[in-house]
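Novice: Numbering of the sequence shown is given in the UniProt record's numbering, commencing with residue 1 and proceeding in unit increments.
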Amino acid sequence: MMTTLGTLRRRTADMANRIMRILTGRGVRAAAGATLVADGLVGIDVPGGRKRAGIFGSLVMLAVGIVFIWVGWWWHGQHQPYDGGTSTTATVARVTTSRDSDGRTMYSRVLTFTTSDGRPVEFTESERSTRRPAIGSSATVSYLPQDPESARIIPETDWLPYGVIAMGALAALIGVVIFLVRLVSIVAGIYLLTAGRRRQ
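1. Using only the alpha-carbon positions, how far apart do residue 149 and residue 125 sit?
2. Measuring alpha carbon to alpha carbon, tell me which of 90, 76, 99 and 105 ends up nearest residue 116.
3. Rounded to the nearest angstrom, what separates residue 107 and residue 93 at their Cα positions?
4. Taking the alpha carbon of residue 168 as the reference point, which residue from 187, 55, 190 and 61 has its own alpha carbon closest?
5. So for residue 16, helix, strand or coil by DSSP?
6. What does a CB cutoff of less than 6 Å around residue 82 pick up in its chain, not counting 5 residues either side in sequence?
7. Taking the DSSP output, what are the residues bridged to residue 90?
8. Please work out which residues of its chain come closer than 7 Å, Cβ to Cβ, to residue 182, disregarding the five sequence neighbours upstream and downstream, and give them in chain order.
9. Just the Cα atoms here: how many angstroms apart are residue 102 and residue 193?
10. Could you give the distance in angstroms between the alpha-carbon of residue 156 and the alpha-carbon of residue 180?
11. Apply the 10 Å Cβ neighbour rule to residue 84 and answer buried if 16 or more other Cβ atoms are within range, or exposed otherwise.
12. If you draw a straight line from the C-alpha of residue 96 to the C-alpha of residue 134, how long is it?
13. Measure the Cβ-Cβ separation of residue 165 and residue 73 and say whether it is below 8 Å.
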């Protein structure tokens with residue numbers, strides 16, 4: 001009876017040792033390394049349908065963020081006075097209407113002002129809004145003396161461009177973080193693959 005128990009214990013220990021060798025063997029290291037590299041490059045979908053971005057996806061996210069930052073900065077620049085331009089007060093003379101892609105009515109202001117040399121100018125703002133502006137309301141505009149028809153409106157607050165810049169900065173930051181995480185994953189995967197080959 002004691003011999004049988006001793007044999008059973010030895011066999012159990014041998015089986016446990018074999019399992020440990022398998023779990024720490026070259027094949028497992030190679031599989032883990034390949035998985036880490038694949039996850040780092042393209043991302044591996046996780047249960048529940050959530051998509052993981054790989055290093056290429058992080059670069060796309062970074063590029064999109066930079067584009068948003070550029071667009072927001074350019075938009076903000078369109079709301080700044082011209083260098084060497086003149087600022088004055090314009091009056092909303094009338095309102096033009098149009099439809100957007102969803103069929104909503106959009107409004108644009110048609111403003112009039114008088115240049116410093118007494119020339120009357122009328123222009124339509126390029127931006128549209130769903131809110132109908134009031135006729136007779138005023139707005140600050142900046143224009144170039146040699147081209148007053150290129151006048152632009154200078155808003156009191158400029159939150160929308162700053163919002164676009166903030167969204168772009170957030171997307172770029174997330175892209176950088178994902179890039180660094182995926183880069184570490186790729187390096188770790190390559191290390192496991194090369195370590196497994198060295199031990200062959």
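Positions of the beta carbon are idealized from the N, C-alpha and C atoms, including for glycine.
Specialist: Looking at the atomic coordinates:
1. Taking the sequence shown and counting its residues from 1, the one referred to as residue 149 is at position 149. Taking the sequence shown and counting its residues from 1, the one referred to as residue 125 is at position 125. Between residue 149 and residue 125, the C-alpha separation is close to 11 Å.
2. Taking the sequence shown and counting its residues from 1, the one referred to as residue 116 is at position 116. Ranking the options by Cα distance to residue 116, first place goes to 90.
3. Reading the sequence shown from its first residue, position 107 is the one you call residue 107. Reading the sequence shown from its first residue, position 93 is the one you call residue 93. Approximately 13 Å, taken between the alpha carbons.
4. Position 168 of the sequence shown, counting from 1, holds the residue named residue 168. The candidate whose alpha carbon is nearest that of residue 168 is 61.
5. As a working note, residue 16 is residue 16 in the sequence shown. Because the pLDDT of residue 16 is 46, which lies under 50, any placement of that residue in the model is unreliable, and the number read from its coordinates should be weighed accordingly. It is helical.
6. What you label residue 82 is simply residue 82 of the sequence shown in a count that begins at 1. The residues are 142 and 144.
7. Translated into positions along the sequence shown, residue 90 becomes position 90. Paired residues: 139.
8. Mapped onto the sequence shown, residue 182 falls at position 182. So the list reads 40, 54, 55 and 58, once near-sequence residues are dropped.
9. Numbered from 1 along the sequence shown, position 102 holds the residue referred to as residue 102. Numbered from 1 along the sequence shown, position 193 holds the residue referred to as residue 193. Between residue 102 and residue 193, the C-alpha separation is close to 53 Å.
10. Position 156 of the sequence shown, counted from the first residue, corresponds to residue 156. Position 180 of the sequence shown, counted from the first residue, corresponds to residue 180. Distance between the alpha carbons of residue 156 and residue 180 is about 40 Å.
11. Your numbering for residue 84 matches position 84 in the sequence shown. It counts as exposed.
12. Position 96 of the sequence shown holds residue 96. Position 134 of the sequence shown holds residue 134. Distance between the alpha carbons of residue 96 and residue 134: 12 Å.
13. One-based indexing of the sequence shown puts residue 165 at position 165. One-based indexing of the sequence shown puts residue 73 at position 73. Taking 8 Å as the Cβ cut-off, residue 165 and residue 73 qualify as a contacting pair.
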